[in-house]
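Numbering (the working numbering), first residue to last: 6 to 225.
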């Protein structure tokens with residue numbers, strides 16, 4: 006439970022308005038003022054205004070500090086702070102750089118804590134450094150050793166390169182004959198073979214030339 010903090014006041018320098026006292030008009034002074042009775046009008050103080058639980062203030066209030074435990078109807082201007090305790094009830098606007106409203110208090114109005122531009126700016130919190138993602142090592146290709154240069158021996162004849170054969174065929178062993186061309190060989194294979202006419206077989210025991218036979222039929 007929150008507890009109200011009451012500014013320290015000296016009883017020797019404080020003015021007390023009793024419960025049976027009713028003041029109407031304007032109050033001003035350089036001392037603390039404790040209100041246990043009723044005040045209506047205007048209150049201007051250089052120090053602290055304390056409204057007790059039995060006190061009622063219906064006025065425009067301008068003070069250094071204000072502690073409200075009773076009833077206040079009107080606007081309150083404070084150069085330092087305004088505190089509304091658990092028993093306090095207020096209807097009006099509060100203008101102060103520091104305002105305390107304890108849980109259980111009754112308040113209806115607006116709150117103005119001054120110009121925002123004049124308030125000290127908060128220091129920005131230091132941002133945490135973001136971890137830098139580690140780069141993956143790139144694969145390094147193995148260096149291929151260079152082939153040693155072939156030095157020609159003095160007086161040696163350069164070897165003749167074999168002639169390339171078409172369609173990947175190896176060259177003939179003769180070396181001097183030109184290889185056959187594949188298209189000509191394919192054309193020769195596609196030529197039809199010559200057809201030999203078939204001769205009728207010769208009858209056995211008969212000459213090759215047909216012989217005429219005469220048949221004589223006798224009647225009985």
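Cβ coordinates follow ideal geometry from the N, Cα and C atoms, glycine included.
Item, Value
"Is residue 80 helix, strand or coil when you go by DSSP?", "coil"
"Output the residue ranges of the beta strand (DSSP E) runs that lie fully inside the region 13 to 76 and measure 3 residues or longer, sorted by chain position.", "19 to 22, 27 to 34, 37 to 40, 43 to 50, 53 to 56 and 61 to 73"
"Rounded to whole angstroms, what is the Cα-Cα separation between residue 37 and residue 95?", "20 Å"
"Closest to residue 102 by C-alpha separation, out of 54, 71 and 60, would be which residue?", "71"
"Please name the residue, chosen from 93, 92, 69 and 91, that lies closest to residue 82 on a Cα-to-Cα basis.", "69"
"Tell me whether the beta-carbon of residue 2 lies closer than 8 Å to the beta-carbon of residue 89.", "Nothing about residue 2 can be reported from this structure: the residues present for the chain run from 6 to 225 only."
"Compare the Cα-Cα distances from residue 40 to each of 30, 48, 33 and 22 and report the closest residue.", "22"
"Taking just the CA atoms, how far does residue 42 sit from residue 63?", "11 Å"
"Can you tell me where the beta strand (DSSP E) holding residue 107 begins and where it ends?", "Here residue 107 belongs to no beta strand (DSSP E), and DSSP marks it neither H nor E."
"Among 77, 108 and 104, which one has its Cα closest to the Cα of residue 91?", "108"
"Since residue 74 contacts residue 97 with CB under 8 Å, what's their CB separation in whole angstroms?", "Wrong, their Cβ atoms sit about 16 Å apart, outside the cutoff."
"If contacts are defined as beta-carbon pairs under 8 Å, then residue 66 and residue 48 qualify, I think. What distance do you get, rounded to the angstrom?", "5 Å"
"By the 10 Å Cβ neighbour count, where 16 or more other Cβ atoms means buried, how is residue 55 classified, buried or exposed?", "buried"
"Quick check on residue 53: buried or exposed, where buried means 16 or more other Cβ atoms within 10 Å of its Cβ?", "buried"
"Express the C-alpha separation of residue 44 and residue 31 in angstroms, rounding to a whole number.", "9 Å"
"Expressed to the nearest angstrom, what Euclidean distance is found between the alpha-carbon atoms of residue 20 and residue 100?", "24 Å"
"Could you please give the first and the last residue of the uninterrupted beta strand (DSSP E) stretch that includes residue 91?", "Counting along the chain, residue 91 falls outside any beta strand (DSSP E), and DSSP gives it neither H nor E."
"Less than 6 Å between C-beta atoms, sequence neighbours within five positions excluded: which residues of the same chain meet that for residue 29?", "45 and 46"
"Have a look at residue 24 and residue 59 and give me their C-alpha separation to the nearest angstrom.", "7 Å"
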